[in-house]
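Enquirer:
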Amino acid sequence: MTHRGKSGHVGSMLSMAEILCVLYMRVLRVNPKRPKWDGRDRFVLSKGHGGCAVYAVLGELGFFPKSWFNGYYRDKGKLMGHISHHVPGVEFSTGSLGHGLPVAVGMALAARHTGKTHRIICLMSDGDCDEGSTWEAILFAAQHKLDNLTVIVDYNKVQALGMSKDVLDLEPLTRKLEDCHWAAKEVDGHDVVAVDDALHTLPFEQGKPSWLICHTVKGKGVSWMENTVSCHYGSVTDEQLAKALREVAR
Amino acid sequence: MRTLFNKVLVDIAKKDKRIWMILADIGYGEIEPFRDAFPDRWFNCGVAEQNMTGVACGVAMEGNIAITYSIANFPTLRCLEQIRNDVCYHNANVKIVIIGGGLAYGPLGVSHQATEDIAIMRALPNMVVFCPCDFAEAEAGVHAMIAHNGPFYYRCGYKKEPPVHAGKIALKLGKAIQVRDGADATIFFTGTIGNQVLPAADALAKRGIRCRIVSLHTVKPIDRKAIVKAARETGAIVTVEEHQLQGGMGSAVAEVLCDEGAMPKKFLRIGLPDLYVSKVGTHEWLLNEYGLSTPKITASIRKLLQ
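Protein chains in written order, with the numbering used here: chain A, 3 to 252; chain B, 10 to 315.
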C-alpha cells in the first residue's frame with residue numbers, strides 16, 4: 003500500500019506490526035460484521051501516521067474489502083494517510099500527536115460509569131509522549147483509577163528529527179509512569195508471545211491504569227530502514243520494495 | 010447569566026442522564042450544584058484544557074452529552090486542535106461553554122478577554138455558534154443546546170445582564186429574533202452587547218431615526234433570510250458585536266449580503282479594532298473606550314445615516 007501510494011511513515015508501521023497482530027488476533031474483542039457493536043473493545047491508535055498498518059489488519063479481518071488497499075493514499079481512495087474513523091473498524095481519527103490518550107480516557111470513564119466491561123486500549127508513539135496533553139491525561143487517568151484503560155507504547159526510540167533520547171529524552175519512562183501511579187511493564191515489542199502474555203494480565207494492577215512499554219525497532223525487518231530517521235518520511239521505490247520483501251520473507 | 014445557565018443545566022440533567030460536566034478547575038461558586046447532584050457525571054480535570062476537551066470527546070463518543078465550561082479563551086483557544094480534530098471532525102456531542110465573552114472580565118486583561126472566539130469557532134465545520142443576549146435567550150439556549158446533536162459553542166454572559174426581550178421568546182437555533190421594527194436601518198447584534206444597542210436605538214428614535222433591531226443569537230448557522238430581508242426593506246445594515254471586526258458576526262452578515270447580491274445602501278460593522286486591549290478598566294469603561302457603549306454606538310450610527 004505505501005509503495006503504491008508513495009506514502010511515508012513506513013518505519014513507524016513496521017515497528018508496531020507484531021503489536022497489532024497480537025491485539026487483533028488475540029486480545030481485542032471486535033466483530034468485522036458489526037464494527038459498531040456496543041460490546042467491542044475500543045482501540046485508539048494515537049500514532050495516526052501508522053494508520054496504514056491498521057488498515058492492513060482490518061482489511062485482512064474483513065472489516066472492508068481488500069480491494070480498498072489499492073486506493074490507500076491515492077485519488078478516489080477510501081484510506082487516507084492518517085487513520086480515519088470513516089473506515090469501518092476504526093474507532094477514532096488521529097494524526098496530530100497527543101490526541102488519542104485523552105479521548106481514550108473519556109471512553110474509559112464512560113464505560114466504567116455504565117458498568118460496561120469492554121477494555122479501552124490506546125497505542126502511542128515516542129512522539130505522543132512528548133505532548134503535554136498526553137501527560138495531562140496520564141495524571142487524570144491515575145487520579146480516577148481507570149483500570150479499564152491500557153496504554154501500549156510502540157517505543158521505537160526514533161522520532162521525526164532524530165533519536166528520541168537526543169530530541170527529548172523520555173527516560174526513565176517506566177519509572178515516570180510508576181511515579182504517576184500507573185502499573186507499568188516492559189516487553190520486547192517484536193516478541194509476539196511476550197506481548198500476548200503481558201496483554202493477558204490486564205489490568206496489571208487493580209485500581210491503576212496499565213502502561214505497557216513495547217521496546218521496538220523503527221523499520222523492523224528491513225535492514226536499511228532499521229533505527230533510521232529517514233524511514234519516518236521516505237516512500238519506497240520499486241527496487242527497495244523488492245529488496246524489503248525478500249528481507250521480511252526471511 | 011452564568012448562574013442561570015448552571016441552574017437550567019442542572020434541571021435538565023435531572024431528567025437527562027446523558028449530560029456530563031467536564032471541567033478544568035474553573036467555575037467556583039457556580040458549578041457546585043451540578044457536582045453535588047451528579048457526582049458521577051462531574052469531573053474536574055485540573056488545569057488541563059486539552060485533556061478536558063479530549064476526555065469530553067471520549068465521553069460523548071460513548072453516547073453522552075459532555076459539557077466543557079471555563080473562562081473566556083481557556084476552553085477554546087488553549088485546546089483548539091482538540092475541538093477541531095476530536096470534537097468537530099467526529100461530530101461529537103460536546104458543548105463548549107465560555108463565561109464572559111468579549112471584554113466582560115475587564116480589568117483582568119487580555120488573557121481573559123475573548124475577542125476572536127466567534128471568528129474562530131464559526132470557522133469550524135459542524136460547530137454551532139450561539140451568543141445569548143439576555144436571560145430569556147440564555148435559558149432557551151440551554152434547552153436548544155442539549156436538543157442539538159453535535160458540537161456547540163455557547164458564549165455565556167458573566168453577570169446580571171438586563172433583559173433585551175420584553176416578554177417570552179420562541180427561540181429556534183439559526184432563526185434571528187426581531188426585537189423591534191423600524192424602517193430606516195437594521196441593527197443586528199449578537200450576545201450581551203444587546204444591552205447597549207437597545208438604548209442606542211431609543212436615542213436614535215428620539216432624533217427620528219427608527220431602527221429595526223434583530224438579535225442574531227445564532228451566528229452559525231446564520232439566518233440568511235432575515236439578513237437579506239433587512240437589507241431590502243430598510244436599506245441600511247449595522248452590525249454590533251463585542252468581538253473583533255475580523256471574522257466575527259459582522260463579517261458573517263457581510264458574507265451573506267455579498268453572496269445573496271443584497272447589498273444595502275449603507276453598511277457599518279461596529280466591533281473591536283485589530284488590536285489587543287491595552288487600556289485598564291471595568292467592562293463598561295472599556296466598552297466606551299473601544300466604541301461599544303450606548304453613546305458611541307448611537308454616534309456611529311448617526312454618522313452613517315447622515
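Built from N, CA and C at the ideal position, the CB exists for glycine as well.
Could you spell out where the beta strand (DSSP E) holding ASN82 of chain B opens and where it closes?
Expert: Note, ASN82 of chain B: premise wrong, no beta strand (DSSP E); not H, not E.
Enquirer: How many angstroms separate the CA atom of GLN208 of chain A from the CA atom of HIS183 of chain A?
Expert: 12 Å
Enquirer: Measure the CB-CB distance between TYR162 of chain B and ILE231 of chain B and report whether it falls below 8 Å.
Expert: No, they are not a contact pair.
Enquirer: Counting only Cβ pairs nearer than 7 Å, list the residues of chain A close to CYS66 of chain B.
Expert: VAL105, GLY108
Enquirer: Short of 8 Å in beta carbon distance, which residues of its chain neighbour ILE21 of chain A, apart from the five on each side in sequence? Order them along the chain.
Expert: Cβ neighbours of ILE21 of chain A within its own chain (closer than 8 Å, five residues either side excluded): LEU125, ILE154, ASP156, GLY191, VAL197, CYS216, THR218.
Enquirer: Counting only Cβ pairs nearer than 8 Å, list the residues of chain B close to GLY134 of chain A.
Expert: Chain-ordered, the chain B residues with CB closer than 8 Å to the CB of GLY134 of chain A read GLN59.
Enquirer: Do we get a CB-CB distance below 8 Å when we pair PHE142 of chain A with the residues of chain B?
Expert: yes
Enquirer: Please state the DSSP three-state secondary structure of MET30 of chain B.
Expert: Correct three-state label for MET30 of chain B: strand.
Enquirer: Can you name the residues of chain A whose CB is closer than 8 Å to the CB of GLY63 of chain B?
Expert: HIS101, LEU103, PRO104, VAL105, VAL107, GLY108, SER135, ALA139
Enquirer: Measure from the C-beta of LEU111 of chain A to each C-beta in chain B and report whether the shortest distance is under 8 Å.
Expert: yes
Enquirer: Quick check on LYS220 of chain A: buried or exposed, where buried means 16 or more other Cβ atoms within 10 Å of its Cβ?
Expert: buried
Enquirer: State yes or no: is the beta carbon of SER95 of chain A nearer than 8 Å to at least one beta carbon in chain B?
Expert: yes
Enquirer: Going straight from the alpha carbon of ARG44 of chain B to that of LEU111 of chain A, what length do you get?
Expert: Roughly 16 Å between the two C-alpha positions.
Enquirer: Kindly say whether PHE52 of chain B, judged by its beta-carbon, lies nearer than 8 Å to any beta-carbon of chain A.
Expert: Yes - at least one Cβ of chain A is within 8 Å of the one on PHE52 of chain B.
Enquirer: I need the DSSP call for THR201 of chain B, collapsed to helix, strand or coil.
Expert: helix
Enquirer: Is there contact here, the stretch 263-283 of chain B with the stretch 215-225 of chain B, by at least three beta-carbon pairs under 8 Å?
Expert: no
Enquirer: Report the option in B:THR77, B:ILE76, B:LYS305, B:THR291 whose CA atom is closest to the CA atom of VAL249 of chain B.
Expert: B:LYS305
Enquirer: Apart from the five residues on each side of it in sequence, which residues of its chain come closer than 6 Å, Cβ to Cβ, to ILE123 of chain A?
Expert: Excluding the 5 residues flanking it on each side, ILE123 of chain A has same chain C-beta neighbours closer than 6 Å at PHE45, THR152, in chain order.
Enquirer: In three-state DSSP terms, what is MET15 of chain A?
Expert: helix
Enquirer: If distances are taken between C-alpha atoms only, which option among A:GLU138, A:SER98, A:ARG252 comes closest to ASN60 of chain B?
Expert: A:GLU138
Enquirer: Quick one: what's THR116 of chain A bridged to in DSSP?
Expert: DSSP links THR116 of chain A through a beta bridge to no other residue.
Enquirer: Give the DSSP-derived three-state secondary structure of SER48 of chain A in the structure shown.
Expert: coil
Enquirer: What number of angstroms, rounded off, separates the C-alpha of ILE222 of chain B from the C-alpha of PHE198 of chain B?
Expert: 8 Å
Enquirer: For the stretch 116-141 of chain A, list the beta strand (DSSP E) runs that are entirely contained and at least 3 residues long, ordered along the chain.
Expert: 122-127
Enquirer: In chain order, what residues of the same chain lie with their CB nearer than 6 Å to the CB of GLY97 of chain A, ignoring the 5 residues before and after it?
Expert: GLY50, HIS84
Enquirer: Exposed or buried, which one is THR201 of chain B when buried takes at least 16 other CB atoms within 10 Å?
Expert: Here THR201 of chain B is buried, its C-beta having at least 16 other C-beta atoms within 10 Å.
Enquirer: Closer than 6 Å by C-beta to GLU93 of chain A: which residues in its own chain qualify, once you throw out the five before and the five after it? Chain order, please.
Expert: ARG44, PHE45, VAL46
Enquirer: GLY55 of chain B touches chain A at which residues, Cβ-Cβ below 9 Å?
Expert: GLU138, LEU141, PHE142, GLN145
Enquirer: If we define contact as Cβ-Cβ less than 8 Å, is MET6 of chain B a contact residue for chain A?
Expert: Beyond the ends of chain B as shown, which are 10 and 315, falls residue 6 of chain B; an answer cannot be given.
Enquirer: Helix, strand or coil for HIS121 of chain B? Go by DSSP, reduced to three states.
Expert: Here HIS121 of chain B sits in helix by DSSP.
Enquirer: If we count the other Cβ atoms within 10 Å of its Cβ and call it buried at 16 or more, is SER287 of chain B buried or exposed?
Expert: exposed
Enquirer: Tell me whether HIS95 of chain A is buried or exposed, calling it buried when 16 or more other Cβ atoms sit within 10 Å of its Cβ.
Expert: For the sequence presented, residue 95 of chain A should be read as Ser rather than His. Result: buried.
Enquirer: Give me the DSSP bridge partner(s) of LYS184 of chain B.
Expert: B:LYS181
Enquirer: At which residues does the alpha helix (DSSP H) containing LYS178 of chain A begin and terminate?
Expert: 175-181
Enquirer: Taking CB distances under 8 Å as the criterion, tell me whether SER237 of chain A reaches chain B.
Expert: no
Enquirer: So who's on the other strand from LYS138 of chain B, going by DSSP bridges?
Expert: Note that residue 138 of chain B is Val in the sequence shown, not Lys. Its beta-bridge partners are B:TYR162, B:LYS229.
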